[in-house]
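Read in order, the letters of the sequence shown are residues 1 to 332 in the working numbering.
Beta carbons are placed, not taken as given, at the ideal position from N, Cα and C, and that holds for glycine.
In this text, all values refer to a predicted model and were calculated from it rather than measured experimentally.
Each remark here refers to the structure printed beneath this line.
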Amino acid sequence: MIILQPFLQPDLGLMMFKPGKTLLSELVKMSQGNRLIVMPLPEELVNVPSGKVSRSVIPDSSKSLVDDIRLLEFFNHIDVQKRLGSFKHWLERIPHCQLSDGEYCDKNLTVLDNAVRVCWHHDNQERKSRSIETESIAQRNVLVWGLESVRSQLRLDRHISLPELCWWSVVNGVYEHLPQSIVDDVFGVKKKPDTNGLVIRRESDERFELNSKAILKERAGAVKLIVDDEPPAMFMSRPKEITWQSERYLKFVRSLPCVVTGKTEGVVAHHLIGHGEGKMGAKTHDLFTMPLNADEHRKFHDDPKGWESKHGSQLFYVKQTIKKALELGALS
Numbered sequence: 001m002i003i004l005q006p007f008l009q010p011d012l013g014l015m016m017f018k019p020g021k022t023l024l025s026e027l028v029k030m031s032q033g034n035r036l037i038v039m040p041l042p043e044e045l046v047n048v049p050s051g052k053v054s055r056s057v058i059p060d061s062s063k064s065l066v067d068d069i070r071l072l073e074f075f076n077h078i079d080v081q082k083r084l085g086s087f088k089h090w091l092e093r094i095p096h097c098q099l100s101d102g103e104y105c106d107k108n109l110t111v112l113d114n115a116v117r118v119c120w121h122h123d124n125q126e127r128k129s130r131s132i133e134t135e136s137i138a139q140r141n142v143l144v145w146g147l148e149s150v151r152s153q154l155r156l157d158r159h160i161s162l163p164e165l166c167w168w169s170v171v172n173g174v175y176e177h178l179p180q181s182i183v184d185d186v187f188g189v190k191k192k193p194d195t196n197g198l199v200i201r202r203e204s205d206e207r208f209e210l211n212s213k214a215i216l217k218e219r220a221g222a223v224k225l226i227v228d229d230e231p232p233a234m235f236m237s238r239p240k241e242i243t244w245q246s247e248r249y250l251k252f253v254r255s256l257p258c259v260v261t262g263k264t265e266g267v268v269a270h271h272l273i274g275h276g277e278g279k280m281g282a283k284t285h286d287l288f289t290m291p292l293n294a295d296e297h298r299k300f301h302d303d304p305k306g307w308e309s310k311h312g313s314q315l316f317y318v319k320q321t322i323k324k325a326l327e328l329g330a331l332s
């Protein structure tokens with residue numbers, strides 16, 4: 001499949017393309033003397049540059065979640081957007097004006113209200129008078145960007161399903177922001193019937209009583225901290241010190257954005273060093289950790305004091321990480 005920008009000549013009844021020599025030879029091979037299909041660009045490929053596309057099949061729009069407006073609330077949440085990547089960068093890769101009406105478009109492009117890719121001509125028009133189409137495209141962009149980012153992070157070569165989106169949200173610690181109706185669909189929970197109507201159900205039908213979000217939280221595997229107000233070691237004269245370890249908690253910390261750069265890729269769980277912790281030959285408790293990008297982690301170990309003088313005390317970031325874990329239900 002090849003993506004090309006058309007140049008319309010309405011007065012002459014012509015539509016022209018400029019594929020270049022390399023792509024023209026590809027088109028000759030594809031056509032073999034036959035006709036070629038010209039069709040609108042699938043929304044999932046809106047920011048793919050012109051040229052040959054590696055995907056061997058055209059996306060099946062019937063399986064796409066891009067029409068599910070319930071996901072707008074989820075993708076617009078600030079915590080979710082931190083894990084999806086830069087929406088602005090995604091928009092800037094769109095190589096054409098999204099408000100083009102087949103008439104005049106300026107060759108220079110910009111981003112309108114951080115939501116729509118437009119040329120300078122249509123940007124001026126929209127600033128004078130907003131159109132309903134602009135709002136619709138803005139919402140569509142958020143949905144396409146969010147779904148494409150999740151698909152890319154899951155390394156899928158097809159549309160993602162609701163269960164896969166749910167899995168992504170669990171891995172990234174943002175499952176609590178999923179709309180209730182989405183989680184209900186994933187777990188097959190039925191909507192409670194109107195008690196004022198004539199619908200009659202058996203009391204044994206538990207599908208109407210399930211709390212899908214509670215199920216998701218339970219299955220996401222929150223790390224449990226069991227409190228013992230009178231531990232046996234408390235009554236020993238020389239109790240052996242125990243280091244609290246939890247790979248599941250470290251995995252949660254690594255799913256958070258770096259406390260310095262905000263990056264979500266290449267994040268490691270940095271254990272607190274100094275401040276009475278991280279003694280020679282031993283690591284501190286896994287609870288005393290914070291997310292750091294690998295590059296930032298290396299800079300810290302090269303000069304711990306210099307790092308803290310520039311970015312602040314580790315204690316603050318460790319506290320913020322624990323606070324986030326409690327707020328998201330990773331610790332309970």
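Beta-ladder partner(s) of residue i, from DSSP
i	result
ALA214	None, per the DSSP bridge assignment.
GLY51	ILE3
GLN81	Answer is none; GLN81 lacks a bridge partner.
VAL267	ASN293
GLY274	GLU277
GLN9	LEU14
Sequence-distant residues of the same chain with beta carbon closer than 7 Å to residue i, five excluded per side
i	result
VAL179	Correcting the residue identity first, residue 179 is Pro in this sequence and not Val. ARG70, GLU73 and PHE74.
HIS121	TYR104, CYS105 and ASP106
LYS213	GLN180 and VAL183
ASP79	VAL174 and HIS177
VAL111	LYS88, LEU91, GLU92 and ARG117
GLY20	none
SER313	none
SER304	In the sequence on display, residue 304 carries Pro and not Ser. Correct list, in chain order: ILE273 and GLY274.
ASN47	TRP90, ARG93 and ILE94
LEU4	PHE17, PRO19 and SER50
LEU315	HIS275
ARG127	none
GLU26	ILE2 and LYS52
Outcome for residue i when other beta-carbon atoms lying within 10 angstroms are tallied against a minimum of 16
i	result
ASN108	exposed
PHE7	exposed
ASN124	exposed
HIS271	buried
PRO49	exposed
VAL318	buried
SER255	buried
VAL186	buried
MET39	exposed
VAL144	buried
HIS301	exposed
ASP267	Correcting the residue type first, residue 267 is Val in the shown sequence and not Asp. VAL267 should be labelled buried.
ASN293	buried
ASN114	exposed
ILE137	buried
LEU225	exposed
ARG298	exposed
ARG140	buried
GLY146	buried
GLU241	exposed
Same chain, Cβ closer than 8 Å to residue i, five either side skipped, listed in chain order
i	result
HIS77	VAL174 and HIS177
THR321	VAL253, LEU256, VAL259, THR289, MET290 and PRO291
LEU250	ALA269, ASP286 and THR289
PRO163	VAL186
GLN9	MET15 and MET16
Cβ neighbours of residue i in the same chain (closer than 6 Å, five flanking residues each side left out)
i	result
SER56	Unreliable positioning characterises SER56 in this predicted model, as indicated by a pLDDT of 47, which lies under 50. The coordinate reading is nonetheless provided below. So no residue of the chain qualifies.
MET410	Lying outside 1 to 332, the shown extent of the chain, residue 410 is not represented and no answer is given.
ALA325	LEU331
THR264	ARG83 and PRO257
CYS119	CYS97, CYS105, ASP106 and LEU109
Quiz prompt | Uninterrupted beta strand (DSSP E) stretches inside the region 281 to 324 (no shorter than 3 residues) | solution = Complete beta strand (DSSP E) runs here, min 3: 289 to 293.
Quiz item: Taking only runs of the alpha helix (DSSP H) that begin and end inside the region 103 to 174, which ones reach a length of at least 4 residues, in chain order?
Solution: Within the region 103 to 174, complete alpha helix (DSSP H) segments of at least 4 residues are found at 120 to 128, 132 to 153 and 162 to 171, given in chain order.
Practice problem: Would you check if the region 89 to 100 and the region 158 to 172 touch, i.e. whether three or more CB-CB distances between them fall below 8 Å? | Solution: Not touching, per the Cβ criterion.
Quiz item: Is the number of C-beta pairs between the region 240 to 248 and the region 286 to 300 that are closer than 8 Å three or more?
Solution: Result yes; three or more Cβ-Cβ pairs closer than 8 Å.
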